[in-house]
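Number of protein chains: 2
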Amino acid sequence: MLDFDYSISTKVFFGKNRVGEIGEEIKKYSDRVLFAYGGASIKNSGLYAVIINLLNKNKITYEELSGIQPNPRIKSVREGVNLCRANKLRFILAVGGGSVIDCSKAIAAGIYYNADPWDFFAKKARVEKALPLGTVLTLAATGSEMNGFSVISNEETKEKLAMGNDLLRPKFSVLDPAYTFTVSKKHTAAGVVDIYTHILEQYFCPVQGAYVQDKLAEGLIKVCLKYGHLAVKEPWNYEVRANLMWAGSLALNGILTYGKIGDWAAHVIEHALSAVYDITHGVGLAIIGPNWMEYVLDEKTAGKFAEYAKNVWGIESKDDFDAAKKAIAKTREFFRSLGMPVSLREVGIGDEKIEEMAKKAVVFGDIGNFRKLNTSDVVKILRSAL
Amino acid sequence: MLDFDYSISTKVFFGKNRVGEIGEEIKKYSDRVLFAYGGASIKNSGLYAVIINLLNKNKITYEELSGIQPNPRIKSVREGVNLCRANKLRFILAVGGGSVIDCSKAIAAGIYYNADPWDFFAKKARVEKALPLGTVLTLAATGSEMNGFSVISNEETKEKLAMGNDLLRPKFSVLDPAYTFTVSKKHTAAGVVDIYTHILEQYFCPVQGAYVQDKLAEGLIKVCLKYGHLAVKEPWNYEVRANLMWAGSLALNGILTYGKIGDWAAHVIEHALSAVYDITHGVGLAIIGPNWMEYVLDEKTAGKFAEYAKNVWGIESKDDFDAAKKAIAKTREFFRSLGMPVSLREVGIGDEKIEEMAKKAVVFGDIGNFRKLNTSDVVKILRSAL
Numbered sequence: 066m067l068d069f070d071y072s073i074s075t076k077v078f079f080g081k082n083r084v085g086e087i088g089e090e091i092k093k094y095s096d097r098v099l100f101a102y103g104g105a106s107i108k109n110s111g112l113y114a115v116i117i118n119l120l121n122k123n124k125i126t127y128e129e130l131s132g133i134q135p136n137p138r139i140k141s142v143r144e145g146v147n148l149c150r151a152n153k154l155r156f157i158l159a160v161g162g163g164s165v166i167d168c169s170k171a172i173a174a175g176i177y178y179n180a181d182p183w184d185f186f187a188k189k190a191r192v193e194k195a196l197p198l199g200t201v202l203t204l205a206a207t208g209s210e211m212n213g214f215s216v217i218s219n220e221e222t223k224e225k226l227a228m229g230n231d232l233l234r235p236k237f238s239v240l241d242p243a244y245t246f247t248v249s250k251k252h253t254a255a256g257v258v259d260i261y262t263h264i265l266e267q268y269f270c271p272v273q274g275a276y277v278q279d280k281l282a283e284g285l286i287k288v289c290l291k292y293g294h295l296a297v298k299e300p301w302n303y304e305v306r307a308n309l310m311w312a313g314s315l316a317l318n319g320i321l322t323y324g325k326i327g328d329w330a331a332h333v334i335e336h337a338l339s340a341v342y343d344i345t346h347g348v349g350l351a352i353i354g355p356n357w358m359e360y361v362l363d364e365k366t367a368g369k370f371a372e373y374a375k376n377v378w379g380i381e382s383k384d385d386f387d388a389a390k391k392a393i394a395k396t397r398e399f400f401r402s403l404g405m406p407v408s409l410r411e412v413g414i415g416d417e418k419i420e421e422m423a424k425k426a427v428v429f430g431d432i433g434n435f436r437k438l439n440t441s442d443v444v445k446i447l448r449s450a451l
Numbered sequence: 066m067l068d069f070d071y072s073i074s075t076k077v078f079f080g081k082n083r084v085g086e087i088g089e090e091i092k093k094y095s096d097r098v099l100f101a102y103g104g105a106s107i108k109n110s111g112l113y114a115v116i117i118n119l120l121n122k123n124k125i126t127y128e129e130l131s132g133i134q135p136n137p138r139i140k141s142v143r144e145g146v147n148l149c150r151a152n153k154l155r156f157i158l159a160v161g162g163g164s165v166i167d168c169s170k171a172i173a174a175g176i177y178y179n180a181d182p183w184d185f186f187a188k189k190a191r192v193e194k195a196l197p198l199g200t201v202l203t204l205a206a207t208g209s210e211m212n213g214f215s216v217i218s219n220e221e222t223k224e225k226l227a228m229g230n231d232l233l234r235p236k237f238s239v240l241d242p243a244y245t246f247t248v249s250k251k252h253t254a255a256g257v258v259d260i261y262t263h264i265l266e267q268y269f270c271p272v273q274g275a276y277v278q279d280k281l282a283e284g285l286i287k288v289c290l291k292y293g294h295l296a297v298k299e300p301w302n303y304e305v306r307a308n309l310m311w312a313g314s315l316a317l318n319g320i321l322t323y324g325k326i327g328d329w330a331a332h333v334i335e336h337a338l339s340a341v342y343d344i345t346h347g348v349g350l351a352i353i354g355p356n357w358m359e360y361v362l363d364e365k366t367a368g369k370f371a372e373y374a375k376n377v378w379g380i381e382s383k384d385d386f387d388a389a390k391k392a393i394a395k396t397r398e399f400f401r402s403l404g405m406p407v408s409l410r411e412v413g414i415g416d417e418k419i420e421e422m423a424k425k426a427v428v429f430g431d432i433g434n435f436r437k438l439n440t441s442d443v444v445k446i447l448r449s450a451l
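If you want it as structure tokens, here you go:
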């Protein structure tokens, strides 16, 4: 186990109708707020009206930033920074899924930076200060509601890049599983794949002896396996939605990584894929994840895959490679059974831009820690995903 | 799953030689400190000298409160409160195991209360304000380093009572597994039993559908099973000590209880036992825990015990009672194999004071949530533990 600094400062209000409590929480920081959200879904569900009423009742001045898209764009970040500056807003309330929250984090950092906020993602600048933000979560997937990560897309450069800083952890997050009842089958399934892959990215790691973390990771994978199909079949089942929502937050709030190092190559490759083709992140992960696993399976990694096979899938074999291959096949089959595509061709993508995507994936150098990957490795993984 | 408020604010510095960082952390709060510890062990290990050097180097004024005993006494709390008041100390540094930390929490609350701090434990007063405190942990057991609980003994009234408040969560805790290398076999084993029982107290709960929490709990139990014996056999093994130390903190920092309610009857009964006989807490739990399990096994609870049997011990049976009994026997056998006594007679206790202990256990009313227990139930459990 590696040394680590544990600090997870986000307060979580979990349960039904907890949103009513955010007025008091926001006012601890400011009464001038940027209210950030995506599009029609929170208006259709009535959540938009609830938030507006709460803000008014608490005499909180606000400006709205709407239209934040999936794979959120840097232009929304710039727009949010300008809104905050022009209106002296000092708190951001993000209502939505990971895209809205990630965009809000970039705005929170951008307001204190006197150049283009894309610099944070291009690794030209580091976050030194940020506005406080809070979230009301409407999708179980990214874990952004409890961590300091942000992933933003740049349409001009066709890049999708990540940054992370503990200053960007939300001050509070409302996790009301009922808000996810109306999430479509496709996005519910994509969320499950996202959560599952977050766990794998931290489980598969070269650090030895982090048994606590591995047991927690295996436990959270079992939550995905138990409730993944149920969420697609019974979208209005509170227990199902509650367990997936809480698992999604724990999967990426740091608890699985402290004492280890994550791999994250599958995520970086998927970011390159969705930067070029603008597909849903979880869909991209269902395609890339199992192919990444097959590619990095070798003499050094087979033992860890065999652990995964045994402890998650109950597959035992004297031959680690045999166990590993069966477990990878099971993983792909699970994603497929959720209704996810598991190859590029299924989403209409051929081999035309594989080199371009591979170059984007390694823009900052080789990727991955479980096994280091260069451009040529990424090309092979993408080809295997066709 | 029940609604919950998640807030775990303690920062953890985990790893070798992290103690060097506490000077800066303490000075965020005050440069006038109460340095609380037990006895000779931190002097023998050299940790005492390290702390004194750090305090001096950081120009931190301090007073020492030493001699805090296992099953820490209210008289130490009163002494600490007086020291803080007389010397205007505004931060408490607790260096030791759960006893030192629990005592420090009671002092932290007591300084702002104008009557006897025992009132907090006798439920005559509530903590409204507390001094900030930090810890350097030297024993993997109670989890006090990351939560707001405190358990204090009163020699005059022969009571041992608990209180809890989020204001008492340490601001930071240094978790250096190397500090536990020199812990005796007995106290290492008692610590493992304490961690294991904390997990069980939260696992066995009448709330349904908290699957995330159950999977995390089963994972942490497996950490105890994997490393419990190893810690006794290989006290200088860093991986072993590190996993147990981190498991101990996670077992009682709230993550297993959020969304559920704990049972805690076994703990309350053990507190009555050690209030009267002053035995080591983990030893008391090794005796009480399995007897409590046998007693509360009934039609309503058998299903949960069968889950425990299957997921922790790999015991499957068509008959839940059969599985449950086997799993309870396995649990007792595990404690015994660590060198722990599993009956009262083994520690020289007969049936003379069973009624007295039972009355103490239910001083605030019936105990337990998995199954409610009254005085007569507790008498039966204690008799079965003879």
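Residue numbers (my numbering), protein chains in the order written: chain L, 66 to 451; chain A, 66 to 451. No residue lacks a Cβ here, since even glycine has one placed at the ideal position from N, Cα and C. In this text, all values refer to a predicted model and were calculated from it rather than measured experimentally.
With 16 or more other Cβ atoms from the protein chains shown falling within 10 Å of its own Cβ, R306 (chain L) counts as buried.
Per DSSP, M405 (chain A) is not a residue of any beta strand (DSSP E), being assigned neither H nor E.
Within the segment 304 to 373 of chain L, the complete alpha helix (DSSP H) segments at least 4 residues long are 330 to 342, 346 to 361, listed from N- to C-terminus. Counting other Cβ atoms within 10 Å of its Cβ, D279 (chain A) reaches 16 or more and is therefore classed as buried.
Sorting L:R143, L:V407, L:E89 by C-alpha distance to the C-alpha of E335 (chain L) places L:V407 at the top. For I125 (chain L), no CB of chain A lies under 8 Å from its own CB, so it is not counted at the interface with that chain.
Between the segment 402 to 420 of chain A and the segment 360 to 375 of chain A there are fewer than three C-beta pairs closer than 8 Å, too few to call the two in contact. In the structure shown, the three-state DSSP call for I264 (chain L) is helix. The segment 119 to 152 of chain L contains, as complete beta strand (DSSP E) runs of 3+ residues, the segments 126 to 130 (chain order). Taking C-beta separations shorter than 8 Å and ignoring five residues to either side along the sequence, the partners of G274 (chain A) in its chain run M66, following chain order. Taking 8 Å as the CB threshold, G274 (chain L) lines the interface with chain A.
With the criterion set as a beta carbon lying under 7 Å from some beta carbon of chain L, the segment 99 to 111 of chain A has no members that meet it.
Burial check for R191 (chain L): the Cβ neighbour count within 10 Å stays below 16, so the residue is exposed. Across the set A:G354, A:R234, A:D328, A:S215, the C-alpha of A:G354 shows the shortest separation from the C-alpha of L338 (chain A). Look at G413 (chain L) here: in three-state DSSP terms it is coil, with no helix or strand label.
For I172 (chain A), the uninterrupted alpha helix (DSSP H) run begins and ends at 163 to 175, by DSSP. Approximately 27 Å separates the beta-carbon atoms of Y71 (chain L) and V165 (chain L); this is outside 8 Å, ruling out the contact. Proximity of the segment 433 to 441 of chain L to the segment 378 to 388 of chain L falls short of the contact definition, fewer than three beta-carbon pairs being nearer than 8 Å. Bridge pairing for T396 (chain L): absent [DSSP]. Under DSSP, the beta-bridge partners assigned to D70 (chain L) are A:F78.
With respect to R234 (chain A), S449 (chain A) sits apart: the two C-beta atoms are not nearer than 8 Å. Of all residues in the segment 180 to 201 of chain L, none is placed with a Cβ closer than 8 Å to any Cβ belonging to chain A. In terms of Cβ geometry, A423 (chain L) and L447 (chain L) form a close pair [threshold 8 Å]. Secondary structure in the segment 226 to 309 of chain A: the alpha helix (DSSP H) runs of 4 residues or longer, each lying completely within the stretch, are 250 to 268, 276 to 298 in chain order. The closest CA to that of K223 (chain A), considering only A:K140, A:G145, A:A296, is found on A:K140. For G85 (chain L), no CB of chain A lies under 8 Å from its own CB, so it is not counted at the interface with that chain. Less than 8 Å separates the beta-carbon of I286 (chain A) from that of I264 (chain A).
Taking CB atoms only, A307 (chain L) has a neighbour in chain A less than 8 Å away. Beta-bridge pairing by DSSP links E224 (chain L) to L:N219. As computed with DSSP, T200 (chain A) is found in a beta bridge with A:A159, A:S238.
Using a Cβ distance threshold of 8 Å, L232 (chain L) and V77 (chain L) do not count as a contacting pair. Nearest C-alpha to D431 (chain A) among A:C168, A:V333, A:T322, A:K395: A:V333. Flagged as an interface residue toward chain L: K280 (chain A), by a C-beta distance shorter than 8 Å.
Sorting A:W357, A:N308, A:G347 by C-alpha distance to the C-alpha of F79 (chain A) places A:N308 at the top. For L154 (chain A), there is no enclosing alpha helix (DSSP H), as DSSP gives it neither H nor E. Within the segment 95 to 119 of chain L, the alpha helix (DSSP H) runs of at least 4 residues that lie entirely inside it are, in chain order, 105 to 110.
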